[in-house]
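*Asks:* Sequential numbering from 6 applies to the sequence shown in our numbering.
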Amino acid sequence: MTNKEKFLALVSEDDSKVLERNRERIRNRAMLRESQQIALKVLFKLDELGWTQKDLAKKMEVSPQQISKIVSGKENLTIATQIKLQNILDIPILASYYEKKAEKIEEMIMSFKDLIIEFVAQTLHVESSYQSTSVNFQKKYNYSLSLAC
Numbered sequence: 006m007t008n009k010e011k012f013l014a015l016v017s018e019d020d021s022k023v024l025e026r027n028r029e030r031i032r033n034r035a036m037l038r039e040s041q042q043i044a045l046k047v048l049f050k051l052d053e054l055g056w057t058q059k060d061l062a063k064k065m066e067v068s069p070q071q072i073s074k075i076v077s078g079k080e081n082l083t084i085a086t087q088i089k090l091q092n093i094l095d096i097p098i099l100a101s102y103y104e105k106k107a108e109k110i111e112e113m114i115m116s117f118k119d120l121i122i123e124f125v126a127q128t129l130h131v132e133s134s135y136q137s138t139s140v141n142f143q144k145k146y147n148y149s150l151s152l153a154c
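(1) Which of helix, strand or coil does DSSP assign to Leu82?
(2) Tell me the rounded alpha-carbon separation between Ile156 and Leu129.
(3) Apply the 10 Å Cβ neighbour rule to Val125 and answer buried if 16 or more other Cβ atoms are within range, or exposed otherwise.
(4) To the nearest angstrom, how far is the alpha carbon of Arg28 from that of Leu51?
(5) DSSP state of Glu108, grouped into three classes?
(6) Determine the direct distance from the alpha carbon of Met36 to that of Lys59, and round the result to whole angstroms.
(7) Closer than 8 Å is the cut-off here; do at least three beta carbon pairs connect the segment 88-97 with the segment 60-73?
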């Protein structure tokens, strides 16, 4: 192949699809960023738990290749996959994660509130019992003193 033929092959009118791939990447930039963020969260959590990608694949009941795609940050994740990741790894992916955490915190606060109210009520009851016992004791003591004098 001569240099001229090589040059003509390079500048041929055939679509090399490079331009189309670049346009596609630009269109999907936001999705790719989110996918990469999820991939980082997954990788950090796997490291924290000491799990391998195979361990996660077993837990999610998917192939190791699917997990490899997820952690590459280039996979368009379905809602079902995001929910599985969120529930298995306990990492925030969807807004529902924060809503569930907020509900749990609210339930805990209400439980603590009930415990505090119960504790205060018992404390006041014990105090009032103590005070009435103390008043009765003082009356009896004063009465005893008055009889002795």
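C-beta atoms are modelled at their ideal positions from N, C-alpha and C, and glycine is treated no differently. Since this is a predicted model, take the numbers as computed values, not measurements.
*Replies:* Straight from the coordinates:
(1) coil
(2) No answer is possible for residue 156: the residues shown for the chain start at 6 and end at 154.
(3) exposed
(4) 33 Å
(5) Helix, per DSSP.
(6) 25 Å
(7) Yes, they touch.
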